[in-house]
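Engineer:
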Amino acid sequence: MDYQPEIIAAVESIDRSQMINNIIALTKTAKLFDMPIALTTVAVEAGYN
């Protein structure tokens, strides 16, 4: 799932604060069940992230 700020800003099908709350809930649930979470980013050297 792509939760980069540019992607979140482009979503119009749900209220952004609700989407962020859903992301937090999903992350907490994954941690509760010891599911692996991989954090990555792209274009760091280009200054996008």
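Going by this note's numbering, 48 is the number at position 48 of the sequence shown; the sequence numbering is gapless. Glycine residues also receive a C-beta, built at the ideal position from the N, C-alpha and C atoms.
#1: Assuming contact is defined by CB atoms lying nearer than 8 Å, are Thr27 and Ile37 in contact in what I supplied?
#2: Taking the continuous alpha helix (DSSP H) assigned at Pro36, which residues delimit it?
#3: Taking the straight line between their C-alpha atoms, what separation do you get for Arg16 and Asp34?
Structural biologist: So, to answer that:
#1: yes
#2: Premise fails: Pro36 is in no alpha helix (DSSP H) and is neither H nor E.
#3: 27 Å
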